[in-house]
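Participant:
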Amino acid sequence: MPKFLEPTAEEIKAEKLYRDMGLSDAEFDKVREILGREPNFTETGIFSVMWSEHCSYKHSKPFLKQFPTTGEHVLMGPGEGAGVVDIGDNQAVVFKVESHNHPSAIEPYQGAATGVGGIIRDIVSIGARPINLLNSLRFGELTEKTNRRLLRGVVAGIGGYGNCIGIPTTAGEIEFDDRYDGNPLVNAMCVGVIDHDMIQKGLAQGVGNSVIYVGLKTGRDGIHGATFASEELTEESESKRPSVQIGDPFVGKKLMEATLEAITYEELVGIQDMGAAGLTSSSSEMAAKGGSGIHLQLEKVPVREEGISPYEMMLSETQERMLLVVKKGTEQKFLDLFDKHELDSAVIGEVTDTDRFVLTYEGEVFADIPVKPLDHEAPVYVLEGEPLKHDKPANHYDDINVEDVFDRLLTHPTIASKRYLYSQYDQQVGANTIVKPGLQASVVRVEGTNKAVASTIDGEARYVFNDPYEGGKMVVAEAYRNLIAVGAKPLAMTDCLNYGSPEKKHIYQQLIDSTRGMAEACDVLETPVVSGNVSLYNETRTSSIFPTPVVGMVGLIEDIDYLRDFSPKAGDKLYVVGETTDSFGGSQIEKLLYGDVNHETETVDLSQEAAKGEAICEAIRQGVLSHAQTVGKGGLLITLARMSAFYGLGVDAKVDVTNAQLFSETQGRYVVVVKEGQTLAIDGAVEIGTFTDTDDFNVTAQNTTIQRRTSELKEAWEGAIEACMTSVD
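Okay, so the sequence shown: first residue is 1 according to full-length UniProt numbering, each after it adds one.
1) In or out: Thr264 buried (at least 16 other Cβ within 10 Å) or exposed?
2) What is the DSSP secondary structure of Leu279, counted as helix, strand or coil?
3) Starting from Asp273 and walking both ways along the alpha helix (DSSP H), at which residues does that stretch end?
4) Given this structure, state the Cα-to-Cα distance separating Val444 from Met493, to the nearest angstrom.
5) Determine which residues share a DSSP beta bridge with Val674 and list them.
6) Would you kindly work out how many angstroms separate the C-alpha atoms of Val351 and Val551, rounded to a whole number?
7) Can you round the beta-carbon distance between Gly153 and Leu133 to whole angstroms, since I take them to be within the 8 Å contact cut?
8) At which residues does the alpha helix (DSSP H) containing Lys254 begin and terminate?
9) Where are the alpha helix (DSSP H) runs, 4 residues long or more, that stay fully inside the region 15-84, in chain order?
10) Using three-state DSSP, classify Leu374 as helix, strand or coil.
11) Buried or exposed: Glu320, going by 16 or more other Cβ atoms within 10 Å of its Cβ?
12) Quick check on the DSSP output: the beta strand (DSSP E) that includes Ile560 runs from which residue to which?
13) Report, in whole angstroms, the separation of the C-beta atoms of Pro184 and Asn90, which I expect to be a contact under 8 Å.
14) Look up Phe176 in the DSSP assignment and say whether it is helix, strand or coil.
15) Can you tell me whether DSSP reads Leu713 as helix, strand or coil?
16) Counting only runs of 3+ residues fully inside the UniProt domain "PurM-like N-terminal" (440-557), write out the beta strand (DSSP E) ranges in chain order.
17) Excluding the five sequence neighbours on either side, which residues of its own chain have a C-beta within less than 7 Å of the C-beta of Gly385, listed in chain order?
18) By Cβ distance below 7 Å, which residues in the same chain neighbour Arg708 in space, the five residues on each side in sequence not counted?
19) Roughly how many angstroms separate the alpha carbons of Met198 and Val325, rounded to a whole number?
20) By how many angstroms is the C-alpha of Asp86 removed from the C-alpha of Asp195?
21) Cβ of Val524 within 8 Å of Cβ of Leu606?
22) Taking the runs of the alpha helix (DSSP H) that are 4 residues or longer, which of them lie wholly in the UniProt domain "PurM-like N-terminal" (79-194)?
23) Quick one: is Phe250 buried, meaning 16 or more other Cβ sit within 10 Å of its Cβ, or exposed?
24) Is there contact between the region 107-120 and the region 245-259, where contact requires at least three CB pairs shorter than 8 Å?
25) Checking 8 Å against the spacing of the C-beta atoms, do Thr580 and Ser644 come in under that value?
26) Between the alpha carbons of Ala288 and Lys451, how many angstroms are there, rounded?
27) Should Ser230 be labelled buried (16 or more other beta-carbon atoms within 10 Å of its own) or exposed?
28) Determine the direct distance from the alpha carbon of Val674 to that of Met322, and round the result to whole angstroms.
29) What did DSSP end up calling Leu359 once you bin it into helix, strand or coil?
30) List the residues that DSSP assigns as beta-bridge partners of Gln707.
31) Out of Gly668, Val476, Ala454, Ser455, state which residue places its alpha-carbon closest to the alpha-carbon of Val464.
32) So, for Gly632: in the same chain, excluding its five sequence neighbours on each side, which residues have a beta-carbon less than 6 Å away from its beta-carbon?
33) Quick one, which of Phe28, Ala378, His59 has its alpha-carbon nearest Ser501's?
34) Identify every run of the alpha helix (DSSP H) within the region 582-622, keeping only runs that are complete inside it and at least 4 residues long; order them along the chain.
35) Would Val97 and Lys217 be called neighbours here (beta carbons separated by less than 8 Å)?
36) Taking the C-alpha atoms as reference points, what is the distance between Ile120 and Ile158?
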């Protein structure tokens with residue numbers, strides 16, 4: 001029997017080694033109380049990862065309970081690997097968003113690649129075939145060399161994994177602000193489709209049923225990755241590169257296909273991805289959800305090298321692995337399947353009736369923990385919040401230089417075309433992508449039908465910092481509008497809450513207020529939350545990120561025929577839906593001219609959002625519109641310029657707004673394009689001009705006229721990020 005050199009239970013307590021694993025003194029005392037004795041090294045490690053912020057949501061659970069999680073279309077909400085929503089005809093869409101922020105800050109390529117791999121496996125573990133990927137990214141300004149390096153690595157990692165595994169990356173968003181210097185945000189979303197009768201759950205049930213491990217052999221990569229993801233980034237974080245997992249998309253492809261075949265076997269009881277906290281979380285969570293115990297014989301776990309200890313096996317986050325529970329006596333059927341797909345697999349344990357999580361290695365017990373306390377009794381912290389005081393004087397925009405502001409905003413990387421980046425992604429693999437990247441939402445046809453799933457991912461930061469409650473409403477409303485703009489009925493959403501340390505009062509208050517705003521918007525817009533993720537401690541020793549909630553939303557297009565002619569042409573008329581007011585707090589013009597965020601934020605009218613959304617969606621379905629675009633960052637003038645550049649059409653428009661209001665970011669607005677010969681019947685819609693077949697972009701406001709060549713706008717807008725990325729240091 002091998003002897004593993006590990007600290008004793010007495011040494012762990014005396015030297016407070018549990019602190020290095022992420023447990024507080026009080027948490028360690030609670031572990032001792034649960035066990036009725038001193039925990040050994042493996043048990044301490046297991047509690048540390050299961051009670052980490054990343055796995056237990058110990059600071060965010062009270063806020064998550066605000067979110068509506070049920071609805072007309074919801075088949076499965078939070079608690080499983082991903083949410084499941086009905087789309088009719090015995091079909092469902094499965095989706096989720098996950099963060100991989102900390103790993104991407106240290107090792108951008110692998111951090112991003114494994115983030116993509118992990119979210120794909122979440123979808124596959126439900127039994128769904130992935131149809132598309134999306135991402136929401138934040139970086140510091142590209143004037144800094146480090147930020148350019150991080151961006152290159154992350155984009156390459158996303159493309160490298162998604163392209164190899166054969167899933168198109170169809171939509172996303174990227175923004176840049178110095179508040180993300182050294183702390184990028186990498187949120188990955190995956191969408192899949194499944195038949196109702198194939199939906200799987202992560203359950204360990206049936207005494208005597210077998211536990212099967214399949215995928216890459218376990219190594220030492222990613223040990224304590226969940227704990228690492230629950231800490232702030234420091235100078236010492238660089239030394240935690242081993243906590244960053246290594247992805248293998250070719251094995252990921254084999255595992256995906258093998259898993260999708262395995263779910264057709266009636267002998268399958270439950271299945272779960274080995275994600276954060278690896279074998280520990282997958283096995284203990286399956287036992288908890290199944291109301292069972294589980295016994296793992298760790299000497300049977302496939303390992304990459306000799307000498308890996310039970311502690312390392314249980315905490316490793318080696319990628320491309322799944323855990324299955326199958327009916328006793330049918331193990332060989334599954335092992336043969338995995339062998340056919342050239343995957344390592346083994347029977348490593350069984351389901352028990354003890355309600356205990358037991359780990360042995362060649363007969364020696366390395367852990368014996370009650371299942372329910374491990375999974376359900378992580379501490380929950382309710383802290384004291386305090387609003388951040390905004391005492392800045394109001395900013396003024398009366399005397400702006402419209403030409404200068406226009407040119408600078410259009411070419412800022414946050415607003416500029418991301419084509420240089422998303423061209424590195426395969427957007428068409430599978431041949432079902434209908435709407436290509438560059439618009440506000442993607443549309444992917446459901447194979448064999450005339451239906452399509454629309455999906456979008458959106459985040460807010462400056463507005464949430466400015467006014468967390470209104471900002472929370474804004475991020476949900478923005479995602480809602482993006483789906484409306486392609487004619488989809490929004491169904492449900494997934495969220496990723498990216499914040500700094502909740503132990504800081506103002507950040508904790510941001511969590512309280514922003515999630516309250518999000519929950520209210522979800523209620524009014526009828527978009528329940530079916531899955532999600534929380535990423536806290538996104539900060540360095542000198543600064544914290546902006547509070548950045550990200551929303552992934554899916555919608556249904558019941559008949560894609562209208563999309564065959566959903567592209568604007570010369571002669572089509574331009575309308576603005578929604579009133580333009582002075583709305584500058586949190587805007588891009590505010591950032592450009594003043595840098596800091598001012599406290600003045602408008603109120604979001606959610607009932608108006610719903611009414612306008614329904615009217616625009618109906619106009620699209622009726623064939624009245626050839627395009628719809630939400631008015632977002634940069635305001636109305638920037639939106640018109642982006643549309644002109646994207647489609648290569650001239651614009652001749654006159655808008656009844658002030659110079660400053662050209663860049664106002666008033667919420668709830670759309671620019672819609674009415675087909676020649678059609679009539680728009682939407683209350684409050686104002687005709688402002690037409691698309692032309694010229695190379696002229698002409699927009700007149702109350703006090704100025706902007707004139708440009710469309711071709712020059714296109715060149716500037718599309719070339720801005722490439723110019724930043726290829727600049728000489």
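For every residue, glycine included, the Cβ atom is placed at its ideal position computed from N, Cα and C. If you're wondering where the values come from, they're calculated on a predicted model, not measured in any experiment.
Facilitator: The relevant details are as follows:
1) exposed
2) helix
3) From DSSP, Asp273 is part of no alpha helix (DSSP H) but of the beta strand (DSSP E) over 268-273.
4) 17 Å
5) Lys573, Leu625
6) 37 Å
7) Rounded, the Cβ-Cβ distance is 17 Å, inconsistent with contact.
8) 249-262
9) 25-35, 41-50, 53-56, 61-64
10) helix
11) buried
12) Element bounds for Ile560: n/a, residue is neither H nor E.
13) Wrong, their Cβ atoms sit about 41 Å apart, outside the cutoff.
14) strand
15) helix
16) 442-445, 452-459, 489-498, 529-535, 548-557
17) Lys505, Tyr508, Gln509, Ile512
18) Phe697
19) 16 Å
20) 9 Å
21) yes
22) 101-106, 108-125, 145-165
23) exposed
24) yes
25) no
26) 37 Å
27) Confidence is the limiting factor: at Ser230 the pLDDT is only 46, short of 50, which leaves the residue's position unreliable, though a coordinate-based value still follows. Buried.
28) 50 Å
29) strand
30) Asn698
31) Val476
32) none
33) His59
34) 588-594, 606-621
35) no
36) 12 Å
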